[in-house]
Ligand code: GRF
């Protein structure tokens with residue numbers, strides 16, 4: 003499965019996915035890594051693996067619609083048939099979501115529907131949860147809202163600050179994101195309304 007990966011920061015989820023692909027555990031090929039930030043470490047990780055890495059700084063575009071159109075064109079140009087958002091910190095517009103409907107995955111560092119938005123771990127730590135987590139879900143027009151593919155439960159401690167909890171969650175993200183992509187790439191994932199169905203593995 004040809005996949006484009008969108009990043010905004012360190013790209014540790016990209017790295018986890020890359021490593022699993024190179025280990026032959028995921029039947030996918032990364033066609034390009036794109037970022038809205040020229041300084042995203044994820045672009046460096048891509049280049050180190052010989053993957054086309056492209057920055058499309060959102061400041062270079064007059065508005066959100068123009069940006070989305072440019073991003074979608076670049077993703078299509080790469081030959082991607084699915085899109086993985088890995089620490090990508092922008093909301094995709096309706097045209098992009100429609101173009102790749104049910105073929106866009108995102109990872110969120112909380113147990114959705116709890117703690118959506120950009121401060122999931124901090125909100126969970128502040129709330130005093132005993133169990134935090136991470137969620138891989140299909141992307142739809144709303145933020146952090148699409149059908150859930152896989153979740154991880156992560157123990158939280160009373161003295162956790164946001165950074166400590168986020169770091170603990172991140173280690174679990176690196177396990178569930180490659181798993182989710184492996185399922186998508188193997189064609190075992192189907193959508194039934196809000197529910198995702200996982201077909202039995204071919205023996
Ligand atoms: C992770 O917490 C991820 O859940 C969130 O962005 C953070 C950084 O991800 N979406 P990465 O290291 O850039 O993959």
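In full-length UniProt numbering, the protein residues as written are 3 to 205. Heads up, the beta-carbon is just placed ideally off N, CA and C, and yes, glycines get one too. Computed from a prediction, not measured in an experiment: that's the story for all the values here.
Smallest Cα separation from residue 148: which of 20, 95, 114 and 72?
-> 114
Endpoints, alpha helix (DSSP H) assigned at residue 15 | 14-24
Does the distance from the C-beta atom of residue 16 to that of residue 36 stay below 8 Å?
-> no
Taking 7 Å as the cut-off, does the CB of residue 147 come closer than this to any heavy atom belonging to ligand 3?
-> Of the ligands one can find in the structure shown, namely ligand 1, none is ligand 3.
Run the proximity test for residue 168: is its beta-carbon closer than 7 Å to any non-hydrogen atom belonging to ligand 1?
-> yes
Residue 66 and residue 95: beta carbons closer than 8 Å?
-> yes
How would you call residue 162, buried or exposed, if buried means at least 16 neighbouring beta carbons within 10 angstroms?
-> buried
Only counting runs of 3 or more residues, tell me where the beta strand (DSSP E) segments fall wholly within the region 45-73, in order along the chain.
-> 55-57
When you compare only the Cα positions, how much space is there between residue 107 and residue 75?
-> 18 Å
What are the partner residues of residue 141, as DSSP defines its beta bridges?
-> The partner list for residue 141 (beta bridge, DSSP) is empty, contrary to what the question assumes.
Run the proximity test for residue 172: is its beta-carbon closer than 7 Å to any non-hydrogen atom belonging to ligand 1?
-> yes
Cα separation between residue 170 and residue 18?
-> 15 Å
Check: residue 111 C-beta below 7 Å from any heavy atom of ligand 1 = yes
Do residue 191 and residue 84 come within 8 Å of each other at the CB atom, strictly closer than that value?
-> no
By Cβ distance, which residues of its chain are closer than 6 Å to residue 155, with the 5 residues on each side in sequence left out?
-> 133 and 135
Rounded separation between residue 53 and residue 80 - CA only = 11 Å
Return the CA-CA distance between residue 68 and residue 160, expressed in angstroms with no decimal places.
-> 45 Å
Thinking residue 49 and residue 42 are a contact (beta carbons under 8 Å), I'd like their distance in whole angstroms, please.
-> That belief does not hold up - the Cβ atoms of residue 49 and residue 42 are roughly 11 Å apart, past 8 Å.
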